[in-house]
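Novice: Throughout the sequence shown, residue numbering follows the working numbering, covering 224 to 845 in sequence. My questions will all concern the structure given below.
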Amino acid sequence: MKTVSSKINCESPLQFASLIGIFIKTFDMDSIESSPDRNPSPPPELANQAELLHAECIGDTAFSKHWLFTTLIKLIEEVKNEDATDTDLVVDIDDELQNELCKLWDMSMNSEVARFLDEYKALEILTGIIQKSKAPRVIEICIGVLGNMACEQEVCSKMAGDHKFIELVLSMMETRDAPTLVANTRLISTSLSNTGSRGPWIRAIQRSEEILDHLKFIFSSSTNCDLLQNTAELVDTLLDLETDLCVSWATVDFVESLLEATEQIGSSQGEAMELYLHIFQSFSTTESGVEALVAHIDALELKILAYLNEVCEYEIVGVDGKVQPLASALSVLNILFMTRPLGQMANLCNDEKLMRILLKILEPVYPMLQKYKEAQTNMQAPSDKHVASFDQSAATYVALNQSQGDIVSHDKTVTNGTKDSEDGGQSDRNGTQESSLSEEEKEELYQLTVLYDVLSAIIVDYCNIVFTKSVQAKALSKAAVSETHLERTPESNLTSKKGDVDSDSNQNKNNSSIGNDSGDTTNSNDSIHDSVPISTPVDTSVIDCGAILSYLDESCGRWRLNNLGLTLKASESGRKIFKQLSDLASEHRFERLGRILKDINEGRIINRADSSRDQPDKLLHV
């Protein structure tokens with residue numbers, strides 16, 4: 224009995240073989256109690272001796288060394304039996320052994336168990352079993368145990384130092400067994416998460432000529448959502464760690480396989496879908512990546528819009544946990560949007576759906592940024608360059624801090640006509656803000672400013688297309704039509720007609736709302752357009768902004784219009800669009816929209832449930 228104790232308590236890995244022999248001789252393998260409900264009991268010889276019982280446990284855990292060694296012995300013998308069959312066919316193991324191996328897999332999540340396994344050469348044992356076994360479940364469990372062991376710094380470093388082990392793991396990506404691939408991708412991702420030992424893995428992946436093909440096959444063929452999510456997480460991590468892969472992996476075929484994977488997971492699988500959105504965003508940072516994305520522009524736009532619709536399903540949108548995914552989605556959408564010719568934008572610009580989504584997202588983001596803005600001026604944060612883009616229009620929230628009634632202050636967040644006060648920090652009697660941001664708040668501020676930059680960019684670009692370029696296109700279309708008509712006019716009438724056109728053109732130039740960048744010549748050219756023969760068509764692909772103007776005037780809340788107006792006025796190009804939007808509201812007699820834009824332009828930031836009537840006694844000029 225003493226001999227058993229000393230062997231169980233052994234420290235050296237060299238005693239592993241003799242230790243296994245002692246266990247085999249001391250305990251009858253067929254009589255070992257196995258219960259699915261608990262960790263197997265220690266040998267009866269140890270039950271009444273506390274010291275020996277403690278020696279039988281792994282560290283301070285209740286896990287049994289005896290049971291662990293016994294299970295490993297059974298596993299080794301199972302693989303030997305597979306070799307004896309002399310067949311290449313896939314084999315299964317009995318349910319009892321599979322259950323015990325699953326317990327071992329669960330046990331290996333414990334740090335002490337993982338270190339114990341490493342101490343007794345489990346890395347070499349499991350690697351050998353993976354190479355020899357023909358049972359997919361055995362291979363899956365062994366890789367899963369190695370994945371848990373890789374969570375330990377020392378074990379992960381040891382794995383990274385063995386190039387043959389890395390090659391074996393990467394070669395397992397060609398297997399067609401989905402559960403094994405799930406475990407394998409997790410093992411690689413865990414190894415990459417270790418900052419001190421990820422280098423050899425990245426270099427091996429870069430050298431591999433097959434890994435990209437394996438990834439494409441998984442994305443395009445697998446129906447296992449866990450595998451698709453794990454593989455996307457692996458690719459996302461690699462693109463973040465090694466920017467060269469954003470170029471070499473940004474191929475049309477790879478993007479196509481990613482889109483096929485998103486078809487399988489669906490937009491309702493939010494977490495998985497967000498990984499794919501970030502992969503697309505990583506590709507969009509390179510020229511070759513943009514080309515690959517644009518090659519699938521229609522399918523990709525539909526996927527992004529489906530995700531945005533899912534996030535914005537309800538009237539009030541929460542951005543908690545969605546800031547980074549929304550930034551990725553909007554960034555890619557804007558790139559795709561701006562690569563389309565004007566005539567192909569009608570599906571996004573001729574109704575209010577996209578505008579509604581953008582304003583819903585802007586609604587919580589803008590006030591949250593204003594909440595942090597004053598505190599941020601007293602500290603140096605990574606996002607200073609982003610917030611610097613806000614001009615004095617946005618500062619009206621701060622200027623109205625002490626105001627009452629329907630005027631919205633910087634520290635008041637108003638949604639759907641209700642006011643919800645949020646403290647932005649303590650103020651002394653002189654009105655000095657004493658506020659400091661925690662590390663968590665600094666990170667939130669940074670992420671919000673990135674999202675706001677992306678969101679404001681797509682809002683400005685979208686509004687520029689809808690309210691400026693569409694008007695210019697209509698003007699050019701009518702000008703082309705009028706020129707065709709003048710060419711057909713008798714010479715005796717040419718001078719007078721041309722004079723009319725020149726006069727109208729000069730008048731439009733003087734009345735232009737945004738200088739030389741735009742001009743709505745709709746009214747001035749009506750007489751010319753009416754005289755054009757029916758056989759001369761006008762370009763019907765030109766965008767009509769009427770539906771969006773109607774939405775902004777009739778259905779969009781004042782709070783959202785305030786955020787839209789202040790966002791447009793935060794940049795030079797946006798201010799031109801703001802002026803154009805105001806002119807269009809006046810021209811088409813959208814009185815409510817025009818009145819609200821006028822309030823914003825004059826520095827009156829107002830919010831009330833009923834904005835259909837003027838209340839001048841409650842307005843405050845800033």
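We treat Cβ as the ideally placed atom computed from N, Cα and C, and that holds for glycine.
#1: Ignore the nearest five residues each way along the sequence and tell me which others in His811's own chain have a CB closer than 8 Å to its CB.
#2: Report yes if the C-beta distance between Leu678 and Leu553 is below 8 Å; otherwise report no.
#3: Would you mind working out which of Ala358, Asn407, Thr509, Lys821 sits nearest Ile316, comparing C-alpha positions?
#4: One question on the structure: do Trp472 and Leu415 come within less than 8 Å of each other, judged by their Cβ atoms?
#5: Within a Cβ cutoff of 6 Å, which residues of the same chain sit near Thr454, ignoring the five residues on either side of it in sequence?
#6: With DSSP as the reference, label Ala703 as helix, strand or coil.
#7: Between Ile488 and Ala495, how many whole angstroms is the CB-CB distance? I'm expecting something under 8 Å.
#8: Taking a contact to mean a Cβ-Cβ separation below 8 Å, would you say Val542 touches Leu531 in this structure?
#9: Alpha carbons only, please: which of Phe690, Glu375, Arg781 is nearest the one belonging to Asp806?
#10: Give me whichever residues DSSP pairs with Ser280 in a beta bridge.
#11: Near Arg652, which residues of its chain fall below 7 Å by C-beta distance, leaving aside the five closest residues on each side in sequence?
#12: Assign Leu525 to one of two classes, buried (16 or more other C-beta atoms within 10 Å of its C-beta) or exposed (fewer than that).
#13: Would you please state the rounded distance, in angstroms, between the beta carbons of Glu301 and Leu327? I believe it to be under 8 Å.
#14: Can you tell me whether DSSP reads Ile539 as helix, strand or coil?
#15: Measure the Cβ-Cβ separation of Thr413 and Ile366 and say whether it is below 8 Å.
#16: Since Arg818 is in the alpha helix (DSSP H), which residue starts that stretch and which ends it?
#17: Where does Ile828 fall in DSSP's three states?
#18: Is the segment 425–433 close to the segment 387–394, with three or more CB pairs under 8 Å?
#19: Please report the Cβ distance between Ile688 and Cys572, rounded to the nearest whole angstrom; I am assuming they are in contact, meaning their Cβ atoms lie under 8 Å.
#20: Using only the alpha-carbon positions, how far apart do Asn802 and Gly566 sit?
#21: Ala529 and Thr474 - do their beta-carbons sit closer together than 8 Å?
#22: Helix, strand or coil for Lys344? Go by DSSP, reduced to three states.
#23: Taking the C-alpha atoms as reference points, what is the distance between Gly826 and Val555?
#24: Can you check whether the CB of Ser356 is closer than 8 Å to the CB of Ile362?
#25: Tell me which residues share the same chain as Lys583 and place their Cβ nearer than 6 Å to its Cβ, disregarding the 5 neighbours each side in the sequence.
#26: Could you compute how far the alpha carbon of Thr446 sits from the alpha carbon of Gln452?
#27: Nearest-angstrom Cα distance between Leu369 and Ile411?
#28: Give the DSSP-derived three-state secondary structure of Lys792 in the structure shown.
#29: Thinking C-alpha only, which one of Glu432, Tyr537, Glu433, Asp400 is nearest Leu450?
#30: Give a yes or no on whether the C-beta atoms belonging to Ile681 and Leu581 are separated by under 8 Å.
#31: So, under 8 Å CB-CB, Leu791 and Leu585 are touching, yes? Tell me the CB distance rounded to an integer number of Å.
#32: Who are the near neighbours of Val313 in its chain, counting only those whose CB is closer than 8 Å to its CB and skipping five residues on each side?
#33: Taking all protein chains shown into account, do 16 or more other C-beta atoms lie within 10 angstroms of the C-beta of Asp318, making it buried, or fewer, making it exposed?
#34: Quick check on DSSP: helix, strand or coil for Gln492?
#35: Alpha helix (DSSP H) containing His386: first to last residue?
Specialist: According to the structure data:
#1: So the list reads Gly769, Leu772, once near-sequence residues are dropped.
#2: Judged by beta-carbon spacing, Leu553 lies within the 8 Å limit of Leu678, meaning their Cβ atoms are closer than that value.
#3: When each option's Cα is compared against that of Ile316, the closest is Ala358.
#4: Not a contact, by the Cβ cut-off of 8 Å.
#5: Excluding its 5 nearest sequence neighbours in each direction, Thr454 has C-beta neighbours in its own chain below 6 Å: Thr408, Ile441, listed in chain order.
#6: Any reading at Ala703 needs caution, since the residue's pLDDT is 49, under 50, leaving its predicted position unreliable; the model's value is listed next. Three-state DSSP puts Ala703 in a helix.
#7: Correct: roughly 5 Å between the Cβ atoms.
#8: No, they are not a contact pair.
#9: Taking only the C-alpha atoms, the option nearest Asp806 is Phe690.
#10: Checking the sequence, you will find Cys at residue 280 rather than Ser. The bridge partners DSSP lists for Cys280 are Ser287.
#11: Note that Arg652 scores 37 on pLDDT, short of 50, meaning its location in the model is unreliable; the coordinates nonetheless yield the value given after this. No residues qualify anywhere along the chain.
#12: Burial call: exposed.
#13: Contact between Glu301 and Leu327 fails: their C-beta atoms lie close to 13 Å from each other, not under 8 Å.
#14: Ile539 falls in the coil class under three-state DSSP.
#15: Their beta carbons are not under 8 Å apart, which means Thr413 does not touch Ile366 by this criterion.
#16: Its alpha helix (DSSP H) spans residues 814–824.
#17: DSSP places Ile828 in coil when its eight states are reduced to three.
#18: At 8 Å Cβ cutoff, the stretches touch.
#19: That belief holds up - the Cβ atoms of Ile688 and Cys572 are roughly 6 Å apart, short of 8 Å.
#20: In the sequence as displayed, the identity of residue 802 is Lys instead of Asn. It is roughly 24 Å from the alpha-carbon of Lys802 to the alpha-carbon of Gly566.
#21: Not in contact: Thr474 and Ala529 (Cβ atoms no closer than 8 Å).
#22: Lys344 falls in the coil class under three-state DSSP.
#23: Roughly 34 Å separates the two Cα atoms.
#24: Against a cut-off of 8 Å, the Cβ pair of Ser356 and Ile362 comes out as a contact.
#25: Excluding residues within five positions, the ones whose Cβ falls inside 6 Å are Cys535, Val540.
#26: Answer to the nearest angstrom: the Cα atoms are 11 Å apart.
#27: For Leu369 and Ile411, the distance between alpha carbons rounds to 10 Å.
#28: Looking at Lys792 - three-state DSSP - the assignment turns out to be coil, as it is neither helix nor strand.
#29: Of the candidates Glu432, Tyr537, Glu433, Asp400, Asp400 places its Cα closest to the Cα of Leu450.
#30: In this structure, Ile681 lies near Leu581, with their beta-carbon atoms less than 8 Å apart.
#31: Between Leu585 and Leu791 the Cβ distance is about 11 Å, and since that is not below 8 Å, they are no contact.
#32: These residues qualify, in order along the chain: Lys357, Ala358, Pro359.
#33: Answer is exposed; the Cβ neighbour count stays below 16.
#34: Reduced to three states, the DSSP call for Gln492 is coil.
#35: Taken as a continuous stretch (DSSP letters only), the alpha helix (DSSP H) holding His386 covers 386–394.
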